[in-house]
């Protein structure tokens, strides 16, 4: 039971985004090389996450969660493949004449093995959405093919982790594409400092702190803390999921109601847009995203 309570705690942590880079600006169009650098930034984070986590927690801690040796070995192999992704992306960027971005310094706030596995579940979901969001921007077929070969493995990672958590392995028929600035906002909460060479020119959105995110479910009312000079006038909550697409709920009295029919990991923002649009505009996002775990 403690294992699953940590998953809810993790959901709460992902709904409290650190405002490390709060300046908002529309993300510029990215070149193939910049997209690869962005992918490398995320893979650095994931590879470091697994390396630090398995260095901190022994196998006995994972066994105490009810995980068997094969499952623990599978989790370790996920970290190894993330490290391989880093190496291959570095080689690809170098072959294209670029200088691979270095890793940053991170703080994952891991308190135990359960929080590590729960965080891994969401990190892999974020990674999948990052690759899908970047795919339409890629010009070179070879680069697109390389990215596709990584995102399929990221999806296997997440399915494996969901199964280890006794969650439905495939909660939706489709995964969701999310834009670079939203992904960077989620990554920023773990970043303590970065070398100058790691600057991608992206800025995180303002923080979105969802209260009691661990108890979120379809039809429930979410309360949140949003830093916004307009005082919330004309704002909506957006919910982006693979199967239901983009949905909106009116933001009022410091919160909004979660639409019915959502499942898996859902990306929520507060925005000045509302029903009728099919894609979020960066310049309309007020805060977020937060990742909600609905199933």
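In mature numbering (1 follows the signal peptide of the UniProt record, and there is no 0), the protein residues as written are -19 to -1, 1 to 276. Built from N, CA and C at the ideal position, the CB exists for glycine as well.
Tell me residue i's beta-bridge partners as DSSP assigns them.
i           : result
residue 220 : 228, 249
residue 85  : Note: residue 85 sits in no beta bridge, so no partner.
residue 233 : 236
residue 29  : Note: residue 29 sits in no beta bridge, so no partner.
residue 202 : 238
Using 10 angstroms around the beta-carbon of residue i, count the other beta-carbons present and answer buried if the total reaches 16, otherwise exposed.
i           : result
residue 36  : exposed
residue 110 : buried
residue 27  : buried
residue 254 : buried
residue 92  : exposed
residue 198 : exposed
residue 41  : exposed
residue 163 : buried
residue 7   : Low local confidence applies: a pLDDT of 42 at residue 7 is under 50, so the model's placement there is unreliable, with the coordinate-based value given in what follows. Classification of residue 7: exposed, given that the 10 Å Cβ count is below 16.
residue 252 : buried
residue 63  : buried
residue 78  : exposed
residue 58  : exposed
residue 180 : exposed
In angstroms, rounded to a whole number, what distance separates the CA positions of residue i and residue j?
i           : j           : result
residue 136 : residue 224 : 16 Å
residue 94  : residue 257 : 43 Å
residue 176 : residue 200 : 43 Å
residue 195 : residue 274 : 8 Å
residue 259 : residue 47  : 42 Å
residue 155 : residue 186 : 26 Å
residue 160 : residue 80  : 23 Å
residue 193 : residue 234 : 16 Å
residue 294 : residue 219 : Given a span of -19 to 276 for the chain in the structure shown, any question on residue 294 remains unanswerable.
residue 60  : residue 16  : 22 Å
residue 31  : residue 266 : 31 Å
residue 53  : residue 44  : 8 Å
residue 276 : residue 149 : 7 Å
residue 69  : residue 18  : 12 Å
residue 144 : residue 102 : 10 Å
residue 167 : residue 272 : 8 Å
residue 228 : residue 246 : 14 Å
residue 114 : residue 157 : 8 Å
residue 88  : residue 221 : 27 Å
residue 122 : residue 76  : 15 Å
residue 96  : residue 34  : 10 Å
residue 116 : residue 215 : 32 Å
residue 55  : residue 134 : 13 Å
residue 106 : residue 244 : 13 Å
residue 65  : residue 232 : 43 Å
residue 172 : residue 184 : 13 Å
Under a three-way DSSP split, which group does residue i fall into?
i           : result
residue 265 : helix
residue 207 : strand
residue 259 : coil
residue 148 : coil
residue 121 : coil
residue 274 : strand
residue 157 : coil
residue 197 : coil
residue 12  : coil
residue 172 : strand
residue 91  : coil
residue 192 : strand
residue 283 : For residue 283 there is no data in the structure shown, the boundaries of the chain being -19 and 276.
residue 305 : What the structure shows of the chain is the stretch from -19 to 276, and residue 305 is not part of that stretch, so it cannot be assessed.
residue 43  : helix
residue 215 : coil
residue 187 : coil
residue 38  : coil
With a threshold of 8 Å between beta-carbons, can residue i be considered close to chain D, or not?
i           : result
residue 256 : The structure shown has no chain D; it contains just one protein chain.
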